[in-house]
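Novice: Dropping a structure here in structure tokens format, bear with me for questions.
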Amino acid sequence: MRKIFLLLFLCIFTLGLSQKKKKAKAKAVAEKETMIIYTECDAESTHEARIIAGFLKQNPGHPKTDYFKRKLIQIIMADNSPEAKPTITPLSKDKIAKITNNNEAGSAKTLASNTGNASATRTVNYAGIDNSSKKSEPSEKNKKTAAMLTHLFNNDPMDKEAYINIKNRSKCNLIVKISGKKYYNLDVPASGQNYILIEKGDYVLTTMVCDAKYSSVKKINKDIEIELNLREE
């Protein structure tokens with residue numbers, strides 16, 4: 000009988016220890032919300048247009064304003080300009096015929112005589128002559144950057160938009176759902192960050208940071224940065 004009681008006691012004791020260990024390992028989401036302030040160091044080290052633009056807006060009389068403006072223009076041109084990254088597309092016989100019919104005889108004859116080994120440079124040049132060719136449409140990333148820059152340089156106090164930059168300090172990828180007047184989803188890579196421009200208002204932010212649930216009510220009326228990480232409870 001004593002052995003049975005001893006076994007029961009050991010089982011209960013072991014179960015209690017395991018539950019305590021589980022509780023010790025339980026994790027919650029640590030949140031840190033701050034206003035977005037850009038420093039000279041941020042602007043110097045970054046390759047993101049929004050950070051440089053934000054620094055210029057917050058520091059209009061900075062001695063290195065001209066330098067950062069040049070850097071900003073270079074980044075925008077590299078990201079947005081179709082001319083900066085031309086798409087090389089071979090011309091079809093129909094396009095060559097159109098060029099010929101449009102009195103581009105000299106150039107077209109040269110191209111027609113070298114169709115088999117036309118160089119990439121010639122292809123780009125003739126694509127520019129052909130009126131039927133179109134410039135490549137800006138990517139979603141470039142549209143997002145353009146919208147962000149417009150917002151940052153907008154000094155209108157009645158601006159209806161604000162943006163949230165989310166820093167993910169965890170080792171798990173996040174999908175942050177922003178629910179309110181409108182609904183948004185924001186992908187944030189592990190140990191990375193991402194931002195989104197939203198209409199000002201009251202929102203509920205929810206996500207799973209690894210195994211921990213995060214939910215927070217926010218009144219978004221200015222640009223903010225939210226840092227998410229895990230903490231043990």
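Just so we're aligned, residue 0 is where the sequence shown starts under numbering that gives the first Met the number 0, counting upward by one. Ideal placement from N, C-alpha and C gives every residue a C-beta, glycine not left out. No experiment lies behind these values; they were computed from the predicted model shown.
In the DSSP assignment, the beta strand (DSSP E) including Lys212 goes from what residue to what residue?
Specialist: 211-219 is the span of the beta strand (DSSP E), which, as asked, contains Lys212.
Novice: With distances taken between CB atoms, is the gap from Ala42 to Ile51 smaller than 7 angstroms?
Specialist: Yes, these two residues count as a Cβ contact at 7 angstroms.
Novice: Can you give the Cα-Cα distance for Ile195 and Leu151, rounded to whole angstroms?
Specialist: Computed Cα separation, rounded: 13 angstroms.
Novice: Determine the contact status of Asn153 and Glu224, defining contact as a CB-CB distance below 7 angstroms.
Specialist: Not a contact, by the Cβ cut-off of 7 angstroms.
Novice: Expressed to the nearest angstrom, what Euclidean distance is found between the alpha-carbon atoms of Ile177 and Leu185?
Specialist: Roughly 8 angstroms between the two C-alpha positions.
Novice: Using only the alpha-carbon positions, how far apart do Ala29 and Pro156 sit?
Specialist: Each residue's alpha carbon lies about 32 angstroms from the other.
Novice: Residues in its own chain within less than 8 angstroms of Asp201 by CB, not counting five upstream and five downstream?
Specialist: Taken in chain order, the residues that qualify are Gly179, Lys180, Val216, Lys217, Lys218, Ile219.
Novice: Expressed to the nearest angstrom, what Euclidean distance is found between the alpha-carbon atoms of Gln57 and Glu39?
Specialist: Straight-line Cα distance between these residues: approximately 11 angstroms.
Novice: Please state whether DSSP places Asp222 in a helix, a strand or coil.
Specialist: Note: Asp222 maps to coil in three-state DSSP.
Novice: Using three-state DSSP, classify Thr45 as helix, strand or coil.
Specialist: Of the three classes helix, strand and coil, the one that applies to Thr45 here is coil, per DSSP.
Novice: Please state whether the Cβ-Cβ distance between Val203 and Leu229 is less than 7 angstroms.
Specialist: No, the pair does not count as a contact, with Cβ atoms beyond the cut-off.
Novice: So for Gly191, helix, strand or coil by DSSP?
Specialist: Coil at Gly191, not helix or strand.
Novice: Which whole-angstrom value is the C-beta distance of Thr144 and Arg69, which I expect to be below 8 angstroms?
Specialist: At roughly 17 angstroms, the Cβ-Cβ gap does not stay under 8 angstroms, so Thr144 and Arg69 are not in contact.
Novice: Suppose you measure from the CA of Ile240 to the CA of Glu160; what does that come to, to the nearest Å?
Specialist: The first residue shown for the chain is 0 and the last is 232, placing residue 240 beyond what the model contains.
Novice: According to the Cβ coordinates, are Ala211 and Lys63 closer than 7 angstroms?
Specialist: Against a cut-off of 7 angstroms, the Cβ pair of Lys63 and Ala211 comes out as no contact.
Novice: Gly200 by DSSP, collapsed to three states: which one?
Specialist: Gly200: strand per DSSP, three-state reduction.
Novice: Provide the residue(s) that pair with Asp186 in DSSP beta bridges, ordered along the chain.
Specialist: Answer by DSSP bridge pairing, in chain order: Ile174.
Novice: Please state the DSSP three-state secondary structure of Ala25.
Specialist: Looking at Ala25 - three-state DSSP - the assignment turns out to be coil, as it is neither helix nor strand.
Novice: Does DSSP put Ile72 in a helix, in a strand, or in coil?
Specialist: The answer is helix: DSSP assigns Ile72 an H, G or I state.
Novice: Count the other CB atoms, across all protein chains shown, that sit within 10 Å of the CB of Ile74; report buried if there are 16 or more and exposed otherwise.
Specialist: Ile74 should be labelled buried.
Novice: Taking only the alpha-carbon atoms, compute the straight-line gap between Ser214 and Thr206 and give it to the nearest angstrom.
Specialist: Distance between the alpha carbons of Ser214 and Thr206 is about 7 angstroms.
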